[in-house]
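Asker: Numbering (the working numbering), first residue to last: 11 to 240. Just so it is clear, CB atoms sit at the ideal spot from N, CA and C, and this is done for glycine as well.
Set out below in structure tokens:
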């Protein structure tokens with residue numbers, strides 16, 4: 011146990027460098043889990059047939075069982091790139107963190123201004139209204155994004171506090187990609203709601219972590235074992 015009370019068995023000065031590659035989440039790409047879903051979708055529906063006309067080819071790419079997954083993957087990659095661009099300011103990002111419940115934390119951002127769990131949603135040209143518990147996409151579709159990102163933030167706070175040996179407050183964030191209109195509701199409360207172009211604003215808050223503390227939290231977060239037992 012280290013001076014913070016952490017139970018991770020790391021050699022002094024070693025930290026994540028001693029992680030077995032199978033336990034290190036740092037190499038995970040944004041949308042890592044979506045690559046597997048897309049691959050299974052392609053396998054289930056067989057090879058894509060060549061469309062006879064250019065218009066039909068474009069329609070085939072925009073519809074079908076894999077179209078939404080491709081959009082979601084593009085959204086994860088765009089947000090992931092924006093988070094990685096914050097590195098010069100002392101921010102560290104992880105992507106596609108698997109949880110025991112078969113859910114995934116899309117992005118985890120750790121830096122001077124705190125710790126954020128980020129859920130990304132790609133809804134091209136859709137009008138988005140964020141309520142106190144649900145998100146309305148267009149006129150009819152509703153998604154439980156607010157409830158889910160709050161749950162992910164609670165899970166992350168529990169896992170990181172347990173792994174670090176000191177309290178780690180975690181803030182939930184929803185990022186919408188390619189929406190035509192975004193209307194947050196005050197009832198969303200602690201959940202921050204952003205467009206993809208505004209992700210950098212997460213780095214604008216006052217500092218609450220020292221650089222050494224950021225590295226400690228990041229080292230714990232990148233260890234797959236941190237997230238077991240939730």
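Using the C-alpha atoms, what's the distance from residue 143 back to residue 106?
Answerer: As a working mapping, residue 106 is identified with position 96 in the chain shown. As a working mapping, residue 143 is identified with position 133 in the chain shown. Rounded to the nearest angstrom, the two C-alpha atoms are 23 Å apart.
Asker: With C-beta atoms as the reference, is residue 132 less than 8 Å away from residue 187?
Answerer: On the chain shown, position 122 is the one that residue 132 refers to. On the chain shown, position 177 is the one that residue 187 refers to. Result yes, Cβ atoms of residue 132 and residue 187 sit closer than 8 Å.
Asker: Identify which residue in 34, 35, 47, 102 has its Cα closest to the Cα of residue 210.
Answerer: By one-based count along the chain shown, residue 210 stands at place 200. Comparing Cα-Cα distances from residue 210 to each of 34, 35, 47, 102, the minimum goes to 102.
Asker: Sort 173, 219, 185 by Cα distance to residue 235 and report the nearest one.
Answerer: For the purposes of this step, residue 235 is taken as the residue at position 225 of the chain shown. Answer by Cα proximity: 173.
Asker: So residue 165 packs on residue 181, CB below 8 Å; how close in whole Å?
Answerer: For this step, residue 165 is matched to residue 155 along the chain shown. For this step, residue 181 is matched to residue 171 along the chain shown. Between residue 181 and residue 165 the Cβ distance is about 13 Å, and since that is not below 8 Å, they are no contact.
Asker: Per DSSP, what kind of secondary structure is residue 35 in: helix, strand or coil?
Answerer: Numbered from 1 along the chain shown, position 25 holds the residue referred to as residue 35. Residue 35: coil per DSSP, three-state reduction.
Asker: In terms of alpha-carbon separation, which member of 120, 121, 130 lies closest to residue 82?
Answerer: Your numbering for residue 82 matches position 72 in the chain shown. The shortest Cα separation from residue 82 among 120, 121, 130 belongs to 130.
Asker: With DSSP collapsed to three states, give me the class of residue 200.
Answerer: Here residue 200 refers to the residue found at position 190 of the chain shown. Residue 200: coil per DSSP, three-state reduction.
Asker: Buried or exposed for residue 40, going by 16 or more other Cβ atoms inside 10 Å?
Answerer: Sequence index remark: in the chain shown, residue 40 carries index 30 (1-based). Buried, since its Cβ has 16 or more Cβ neighbours within 10 Å.
Asker: Mind listing, in chain order, the continuous beta strand (DSSP E) runs of no fewer than 3 residues lying wholly within the region 129 to 196?
Answerer: You should have 137 to 140, 145 to 147, 151 to 153, 180 to 187, 191 to 194.
Asker: By the 10 Å Cβ neighbour count, where 16 or more other Cβ atoms means buried, how is residue 218 classified, buried or exposed?
Answerer: Working through the chain shown from its first residue, we reach residue 218 at position 208. With fewer than 16 other Cβ atoms within 10 Å, it is exposed.
Asker: Can you give the Cα-Cα distance for residue 246 and residue 192, rounded to whole angstroms?
Answerer: Absent from the structure is residue 246, since the part of the chain shown begins at 11 and ends at 240.
Asker: What alpha helix (DSSP H) runs, 4 residues minimum, are completely inside the region 93 to 121?
Answerer: Complete alpha helix (DSSP H) runs here, min 4: none at all.
Asker: Skipping 5 residues on each side, what residues in its chain have a beta carbon closer than 7 Å to that of residue 148?
Answerer: Taking the first residue of the chain shown as 1, we reach residue 148 at position 138. Contacts found: 136, 137.
Asker: Nearest by alpha-carbon distance to residue 243: which of 215, 239, 227 is it?
Answerer: Nothing in the structure corresponds to residue 243, since the chain is present only between 11 and 240.
Asker: Three-state secondary structure (DSSP) at residue 205?
Answerer: Within the chain shown, the letter at position 195 stands for residue 205. Residue 205: strand per DSSP, three-state reduction.
Asker: Determine whether the beta carbon atoms of residue 96 and residue 175 lie at a separation below 8 Å.
Answerer: Here residue 96 corresponds to residue number 86 of the chain shown, with the count starting at 1. Here residue 175 corresponds to residue number 165 of the chain shown, with the count starting at 1. Their beta carbons are not under 8 Å apart, which means residue 96 does not touch residue 175 by this criterion.
Asker: State yes or no: is the C-beta of residue 206 within less than 8 Å of the C-beta of residue 92?
Answerer: Here the question's residue 206 lines up with position 196 in the chain shown. Here the question's residue 92 lines up with position 82 in the chain shown. Contact flag set, yes.
Asker: Would residue 183 pass as a contact of residue 202 if the rule is Cβ separation under 8 Å?
Answerer: By 1-based counting over the chain shown, the position of residue 183 is 173. By 1-based counting over the chain shown, the position of residue 202 is 192. Yes, Cβ-Cβ distance for residue 183 and residue 202 is below 8 Å.
Asker: Here's the rule I'm using: 16 or more other beta-carbon atoms within 10 Å means buried, otherwise exposed. How should residue 127 be labelled?
Answerer: As a first step, residue 127 must be located in the chain shown, where it is residue number 117. Residue 127 is buried by the Cβ-count criterion.
Asker: What's the C-alpha gap between residue 124 and residue 160?
Answerer: Counted from its first residue, the chain shown places residue 124 at position 114. Counted from its first residue, the chain shown places residue 160 at position 150. Their Cα atoms are separated by approximately 16 Å.
Asker: Which value, in whole angstroms, describes the spacing of the CA atoms of residue 167 and residue 158?
Answerer: Mapped onto the chain shown, residue 167 falls at position 157. Mapped onto the chain shown, residue 158 falls at position 148. Distance between the alpha carbons of residue 167 and residue 158: 14 Å.
Asker: In angstroms, rounded to a whole number, what distance separates the CA positions of residue 112 and residue 189?
Answerer: As a position in the chain shown, residue 112 is number 102, starting the count at 1. As a position in the chain shown, residue 189 is number 179, starting the count at 1. When rounded, the distance between both Cα atoms is 27 Å.
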